[in-house]
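Presented below is the structure to which this report refers.
There are 2 protein chains.
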Amino acid sequence: MGTARVVFDRWEGRYAARMADVRSSAVRDLFGAATRSDVISLSGGMPEISRVPADVVARIAAAGVREDAREALQYGSSEGRPGLREVIVELMAEIGVRLKAEQIIVTAGAQQALDLLAKVFIDPGDIVITEGPTYLGALQAFSAYQPKVICIPMDAEGMRVDVLEEQLRELGPRGAKFIYTIPNFQNPAGVTLSAQRRRRLLELAREYDIPVIEDDPYGRLRFEGGHLKPLRALDDEVIYLGTFSKIFAPGLRLGWVTAPRPIMAKILLAKQAADLCGSAYAQVTAERYFTRTRWRKVLQDLVRTYSERRDAMVEALHEHLPPEVRFTRPEGGFFVWAELPAFIDTKSLLAEAVEHGVTYTPGDAFYPDGRGKNCMRLAFCYASPDDLREGIRRLAEVLEDRLELYRAFQMAGHFSEEVRSAS
Amino acid sequence: MGTARVVFDRWEGRYAARMADVRSSAVRDLFGAATRSDVISLSGGMPEISRVPADVVARIAAAGVREDAREALQYGSSEGRPGLREVIVELMAEIGVRLKAEQIIVTAGAQQALDLLAKVFIDPGDIVITEGPTYLGALQAFSAYQPKVICIPMDAEGMRVDVLEEQLRELGPRGAKFIYTIPNFQNPAGVTLSAQRRRRLLELAREYDIPVIEDDPYGRLRFEGGHLKPLRALDDEVIYLGTFSKIFAPGLRLGWVTAPRPIMAKILLAKQAADLCGSAYAQVTAERYFTRTRWRKVLQDLVRTYSERRDAMVEALHEHLPPEVRFTRPEGGFFVWAELPAFIDTKSLLAEAVEHGVTYTPGDAFYPDGRGKNCMRLAFCYASPDDLREGIRRLAEVLEDRLELYRAFQMAGHFSEEVRSAS
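In order, the protein sequence lines correspond to chains A and B. First residue of the first sequence: 284, per the working numbering; consecutive thereafter. First residue of the second sequence: 284, per the working numbering; consecutive thereafter.
Right under this line is the structure:
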């Protein structure tokens with residue numbers, strides 16, 4: 284199944300047209316390599332769940348089943364457990380978003396919300412707008428519904444809203460089904476949308492009457508600087524996706540979505556069709572985690588941990604990588620984005636990197652159209668500071684050979700330019 | 284959201300075309316009424332999870348988190364936890380299906396597998412074949428992909444394969460994307476596909492080269508008679524869906540799918556797009572439940588419980604319902620299907636029934652095209668024998684008024700027929 288062995292497919296030609304567009308996840312495909320003990324993984328965005336106290340979770344898991352057995356073991360409502368939705372109300376209030384519990388649907392991670400929103404909005408050929416690069420899981424979810432994805436470039440302040448404006452002017456009002464953005468510590472770019480641009484993005488969305496989907500998995504993982512208000516706090520028509528994967532544990536597969544009421548009704552229908560309801564069993568545990576444990580201490584510890592790792596990675600990048608490589612310095616989250624000289628193909632380089640004992644995610648996984656070939660996402664969330672330093676050192680080794688070649692090219696190019704200008 | 288209040292939808296016209304076809308679940312909509320203590324629910328297919336020992340589940344839940352924390356709390360593989368897939372290998376071997384673990388993908392209940400298979404196979408306008416009536420969750424899952432659903436009628440031996448043959452002859456080879464069947468104790472009809480018809484269905488599927496999806500949630504809940512081999516045991520190209528919801532607990536949302544290798548690769552891609560991976564947290568518990576507890580005793584107890592409830596319901600139906608009502612006598616599973624005189628609309632009758640303190644599921648929920656209006660599904664899985672008897676008594680009361688009218692009509696009809704034949 285996961286192997287490269289070619290299997291004769293007698294069902295070929297009988298799958299839905301959409302399956303031609305559904306991409307495999309490069310990150311998933313690397314999970315095998317990432318679990319080899321001699322390979323340092325800078326690829327997967329796996330949280331450091333060892334900081335979550337297993338004994339505490341074990342205790343609340345047992346108590347939840349014992350005291351709420353009839354609910355934990357039974358089918359639940361499609362919207363999600365009321366108590367957990369109250370937890371989400373409080374979490375959202377802390378970031379400036381006032382909601383009622385009935386404005387929330389609990390999903391199987393934010394990923395399910397992406398799938399449901401794509402199902403609700405996208406007809407084949409519809410245009411959706413994302414940042415470029417963007418979260419590969421979003422591209423996967425969307426691709427099953429066959430949209431045309433337009434990517435807006437970013438700089439250090441996040442999505443280039445001036446480019447967005449040009450694009451929207453070209454498309455006209457309602458010219459796209461939605462704008463998908465990760466404003467905080469973007470995956471994979473690591474950059475954060477500035478306060479000014481948040482306001483401008485919302486103005487443009489209103490002007491062109493296009494829904495905005497705000498995906499905010501990393502918002503609480505800020506290492507420095509002040510928190511910025513989420514888009515949803517500035518405009519109550521924004522569709523907001525949250526997740527417990529980064530503030531608790533991804534193994535429970537719990538996230539949430541809030542959207543204007545008519546859209547919520549559609550999401551709910553799509554959710555019923557997709558799985559009837561989420562796991563009450565996991566929801567009972569999550570509710571207890573956020574109401575009966577010292578989860579804020581754990582989260583503080585996690586933020587400190589990730590912050591140290593970010594420092595370790597960024598320092599090592601400065602120390603080991605040659606000046607031709609540009610990279611971001613995120614103020615939170617999980618990822619650094621590195622851009623290499625244009626002639627380097629990070630996908631073809633990957634096998635060599637694995638041989639050198641390090642993995643990353645090739646940049647083209649984060650574009651719908653093959654761009655990003657000379658880029659890579661480097662995750663600092665999972666490896667220890669020592670491993671991060673060693674991983675970057677190994678990566679630098681792998682790059683060195685290619686860069687030697689690049690420099691030779693450059694000198695040749697410089698030389699021929701001189702020749703041209705002299706002639 | 285769930286209310287009937289009409290909300291102005293400024294996004295109307297911007298949803299995907301498929302959303303026009305996605306139906307709400309009548310069962311879900313009734314959950315509110317079903318939880319009122321004065322109403323006896325014969326509607327929802329909720330298992331009697333009080334038979335599952337909560338203290339045992341609490342113990343293994345805690346042990347699973349403590350001993351397998353790194354796996355229980357982390358992202359898992361999209362295929363599912365290896366140990367749980369081994370459990371499924373053994374469960375399948377017991378019903379005559381030999382598999383390897385890599386032939387199995389763990390899903391969020393069998394419902395997710397239905398959604399993924401629909402995603403993989405159905406283009407708008409494609410034909411899919413189901414029994415009629417059929418599982419409403421399947422109709423919901425399929426409807427999001429806009430197929431044309433053709434329903435094959437059933438009798439006491441399950442799907443009428445002679446009608447299927449006529450239909451296939453009309454459609455021609457590969458004329459449908461798949462045939463979806465629930466061979467054991469069908470939901471909602473309660474009938475079981477006979478051994479002879481199983482073989483014939485498979486012959487026809489091979490002859491017309493159409494994949495078969497076998498949905499088997501109730502196979503282990505047989506009260507009497509011998510077990511029949513699943514279709515998958517007779518033909519290894521059959522796509523088989525299983526679930527832990529009825530042999531353990533639906534709150535964990537765990538099921539599985541096995542299919543020929545090329546189809547599995549497509550399902551896996553669709554699953555990654557839908558939720559990245561299933562809940563490792565729930566999978567750790569389920570694995571321990573089937574390897575470290577006396578789950579067979581619990582299942583025996585459940586089968587005995589459901590069998591007694593089937594008896595209570597069927598006896599009460601014989602005792603209270605007038606002879607104009609026909610109903611099935613299932614040898615297992617959760618449901619009885621009742622057919623009333625054609626002029627009775629069970630949906631319009633439902634409000635009255637709720638007032639009388641009983642609910643059922645109106646028959647048209649189980650057809651894609653408005654048929655089944657004079658039918659109802661009666662679930663015996665959830666209420667106690669006493670409540671089942673009282674529920675049927677209340678139902679009979681509600682029906683009595685309508686049937687009086689019917690008898691008057693019939694006599695009038697009989698009279699006018701006599702007049703006609705005399706003239």
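Every residue, glycine too, gets a C-beta built ideally from N, C-alpha and C.
Query: DSSP beta-bridge partners for Pro436 of chain A?; Result: A:Gly415
Query: Rank A:Asn657, A:Ala376, A:Ser667 by C-alpha distance to the C-alpha of Arg685 of chain A and give the top, closest one.; Result: A:Asn657
Query: Which bits of chain A does Ala344 of chain B rub up against, with CB to CB less than 7 Å?; Result: Ala344, Ala345, Val348
Query: If the cut is a Cβ gap below 7 Å, which residues of chain B does Ile539 of chain A touch?; Result: One point to set straight first is that residue 539 of chain A is Trp, not Ile, in the sequence displayed. None at all; the shortest Cβ gap to chain B is about 14 Å.
Query: Distance check for Arg353 of chain A and Trp294 of chain A, CA to CA, integer angstroms please.; Result: 43 Å
Query: Do we get a CB-CB distance below 8 Å when we pair Leu400 of chain A with the residues of chain B?; Result: no
Query: Anyone know if the C-beta pair for Tyr491 of chain B and Pro456 of chain B falls short of 8 Å?; Result: yes
Query: Taking only beta-carbon atoms, is Met302 of chain A less than 8 Å away from chain B?; Result: yes
Query: Nearest-angstrom Cα distance between Thr390 of chain A and Ala355 of chain A?; Result: 16 Å
Query: Using alpha carbons as the reference points, say which of B:Gln386, B:Gly415, B:Arg481, B:Leu585 lies closest to Ala472 of chain B.; Result: B:Gly415
Query: Please list, in chain order, the chain B residues whose beta carbon lies closer than 8 Å to that of Ile405 of chain A.; Result: Ala299
Query: Label Lys580 of chain B either buried or exposed according to how many other C-beta atoms from any shown protein chain fall within 10 Å of its C-beta, with 16 as the threshold for buried.; Result: exposed
Query: By the criterion of Cβ-Cβ separation under 7 Å, what are the contact partners of Met329 of chain B in chain A?; Result: Gln357, Tyr358
Query: Verify whether the separation of the beta carbon atoms of Gly441 of chain A and Val474 of chain A is less than 8 Å.; Result: yes
Query: Is DSSP giving Leu686 of chain B helix, strand or coil here?; Result: helix
Query: Quick one: does Val335 of chain A have its CB under 8 Å from some CB of chain B?; Result: yes
Query: Along chain B, in chain order, which residues have C-beta atoms closer than 8 Å to that of Trp294 of chain A?; Result: Pro494, Pro543, Pro545, Ile546
Query: May I ask you to list, following chain order, the residues of the segment 441-470 of chain B that have a beta carbon less than 8 Å from some beta carbon of chain A?; Result: Arg457, Lys460
Query: Quick one: which chain B residues come within Cβ less than 8 Å of Gln395 of chain A?; Result: Ala557, Asp558
Query: So Gly408 of chain B contacts chain A; which residues on that side make the cut at Cβ distance below 7 Å?; Result: The contacting residues do not exist; Gly408 of chain B stays about 11 Å from chain A at best.
Query: Rounded to whole angstroms, what is the Cα-Cα separation between Gly392 of chain A and Thr526 of chain A?; Result: 6 Å
Query: So, is the C-beta of Arg707 of chain B closer than 8 Å to a C-beta in chain A?; Result: Absent from the structure is residue 707 of chain B, since the part of chain B shown begins at 284 and ends at 706.
Query: Would DSSP call Met442 of chain B helix, strand or coil?; Result: strand
Query: Given a cut-off of 8 Å on the beta-carbon distance, is the pair Ala557 of chain B and Gln395 of chain A in contact?; Result: yes
Query: Buried or exposed: Glu507 of chain A, going by 16 or more other Cβ atoms within 10 Å of its Cβ?; Result: exposed
Query: Find the nearest neighbour of Gly655 of chain A within the set A:Pro533, A:Phe404, A:Phe626, judged by alpha-carbon distance.; Result: A:Phe626
Query: For Val340 of chain A, would you say it is in contact with chain B, using Cβ-to-Cβ distances shorter than 8 Å as the test?; Result: yes
Query: From Thr707 of chain B to Ala344 of chain A, what does the alpha carbon distance come to, in whole angstroms?; Result: Shown here, chain B extends from 284 to 706; a query on residue 707 of chain B therefore has no answer.
Query: Between which two residues does the alpha helix (DSSP H) containing Phe531 of chain B stretch?; Result: Careful: Phe531 of chain B lies outside any alpha helix (DSSP H) and carries neither H nor E.
Query: How would you write the range of the alpha helix (DSSP H) that Val370 of chain B sits in, first residue to last?; Result: 365-377
Query: Quick check on the DSSP output: the alpha helix (DSSP H) that includes Leu476 of chain A runs from which residue to which?; Result: Element bounds for Leu476 of chain A: n/a, residue is neither H nor E.
Query: Using a Cβ-Cβ cutoff of less than 8 Å, which residues in the same chain neighbour Val446 of chain A once the five nearest sequence positions on both sides are dropped?; Result: Ile435, Pro436
Query: With a cut-off of 8 Å, do at least 3 Cβ pairs link the segment 333-349 of chain A to the segment 537-548 of chain A?; Result: no
Query: Run the proximity test for Ser562 of chain B: is its beta-carbon closer than 7 Å to any non-hydrogen atom belonging to the ligand GDP?; Result: Among the components of this structure there are no ligands whatsoever, and the ligand GDP is therefore not found.
Query: Residues of chain A with a CB under 7 Å from the CB of Val305 of chain B: which are they?; Result: Leu552, Ala553, Ala556
Query: Within 10 angstroms of its Cβ, does Phe692 of chain B collect 16 or more other Cβ (buried), or is it exposed?; Result: exposed
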